[in-house]
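Position one of the sequence shown corresponds to residue 3 (our numbering), numbered consecutively onward. We treat Cβ as the ideally placed atom computed from N, Cα and C, and that holds for glycine. Right, one structure below, let's go through it.
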Amino acid sequence: MSQGSQTVNVSDLDVAQLADVRKQLEEELNHLTNSFAQLKQAQAKFKACIENVHEVKPENADKTILVPLTNSLYVPGKLSDPDHVIVDVGTGYYVEKVCNALNISVMLIEPPQTRAQAFKHYSDKVEYIRTNLETLEDTISKKRDNMAYLTNILQQKIQAQAQSKS
């Protein structure tokens with residue numbers, strides 16, 4: 003027996019069943035909305051990384067910078083080697099990226115890459131998240147439309163019940 007989805011006309015449901023479907027739809031909408039917000043935060047983080055990659059350039063060598071130790075603790079430092087950057091690739095893994103294609107160094111995971119490739123890495127992440135956000139936004143919009151339709155049917159049924167009792 004296949005587990006295909008079964009279509010049910012919501013106007014055939016009673017008030018209690020409609021209330022249950024509405025509650026489930028609200029939970030789905032909340033989950034999707036939270037996921038959307040988290041994706042937007044991740045996208046903003048990667049956009050900030052792109053801006054930071056642009057600031058790591060040879061003319062900024064030996065300039066004083068603030069080095070973050072935690073989210074709220076910084077120490078002064080100097081940019082001693084603008085040809086190398088360390089990229090967070092997720093789940094606690096970092097990859098050294100070479101900003102100058104002529105200066106090859108030992109990599110942690112990937113072959114030597116330029117600063118432009120680090121920029122591309124983050125740009126690709128931003129684009130990937132953007133397409134996911136668009137898909138998620140469409141899904142949220144459809145769920146909201148379903149919620150409005152369901153709420154309308156539920157109100158009609160409640161009014162019909164009230165009228166039949168009076």
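Query raised in the report: By the 10 Å Cβ neighbour count, where 16 or more other Cβ atoms means buried, how is alanine 120 classified, buried or exposed?
Result: The sequence position of residue 120 within the sequence shown is 118, counting from 1. So alanine 120 ends up on the buried side.
Requested in this report: Within the same chain, show all residues whose beta-carbon is closer than 7 angstroms to that of aspartate 83, passing over the 5 residues directly before and after it, in chain order.
Outcome: The residue given as residue 83 occupies position 81 in the sequence shown. Closer than 7 angstroms at Cβ, skipping near neighbours: no residue.
Query raised in the report: Are at least three pairs of beta-carbons, each pair with one atom in the stretch 147 to 162 and one in the stretch 12 to 21, less than 8 angstroms apart?
Result: yes
Query raised in the report: Near glutamate 30, what residues of its chain come up, given a Cβ to Cβ distance below 8 angstroms and the 5 sequence neighbours on each side ignored?
Result: The residue labelled residue 30 in the question sits at position 28 within the sequence shown. Hits under 8 angstroms: Lys145.
Query raised in the report: Per DSSP, isoleucine 52 forms a beta bridge with which residues?
Result: Counting from 1 along the sequence shown, the entry for residue 52 is found at position 50. Paired residue(s): none; isoleucine 52 is not in a bridge.
Report task. Could you say if the stretch 79 to 98 and the stretch 51 to 62 meet the contact criterion of at least three C-beta pairs nearer than 8 angstroms? Result -> yes
Query - Cα-Cα separation between asparagine 148 and asparagine 36, rounded to whole angstroms - result: As a working note, residue 148 is residue 146 in the sequence shown. As a working note, residue 36 is residue 34 in the sequence shown. Approximately 18 angstroms, taken between the alpha carbons.
Requested in this report: Throw me the rounded Cβ distance for the isoleucine 155 and valine 10 pair, which I believe falls under 8 angstroms.
Outcome: Position 153 of the sequence shown holds residue 155. Position 8 of the sequence shown holds residue 10. Not really, about 12 angstroms apart at Cβ, beyond 8 angstroms.
Query raised in the report: DSSP state of threonine 9, grouped into three classes?
Result: Looking up residue 9 in the sequence shown gives position 7. Three-state result, threonine 9: coil.
Requested in this report: Check each candidate in Val128, Arg117, Tyr130 and name the one with the smallest Cα separation from glutamate 57.
Outcome: On the sequence shown, position 55 is the one that residue 57 refers to. Measuring from the Cα of glutamate 57, the nearest candidate turns out to be Arg117.
Query raised in the report: Taking the continuous alpha helix (DSSP H) assigned at threonine 141, which residues delimit it?
Result: Along the sequence shown, one-based indexing puts residue 141 at 139. Looking at the DSSP string, the run of the alpha helix (DSSP H) that includes threonine 141 is 117 to 167.
Query raised in the report: According to DSSP, what are the bridge partners of valine 17?
Result: Taking the first residue of the sequence shown as position 1, residue 17 is located at position 15. Bridge partners of valine 17: none, in fact.
Requested in this report: Note down the Cα distance separating leucine 71 from glycine 79, rounded to an integer number of angstroms.
Outcome: As a working note, residue 71 is residue 69 in the sequence shown. As a working note, residue 79 is residue 77 in the sequence shown. When rounded, the distance between both Cα atoms is 11 angstroms.
Query raised in the report: So is alanine 124 buried or exposed if we call it buried at 16+ other beta carbons inside 10 Å?
Result: Here residue 124 is taken as the residue at index 122 of the sequence shown, counted from 1. Before going further, note that residue 124 is tyrosine rather than alanine in the sequence given. Tyrosine 124 should be labelled buried.
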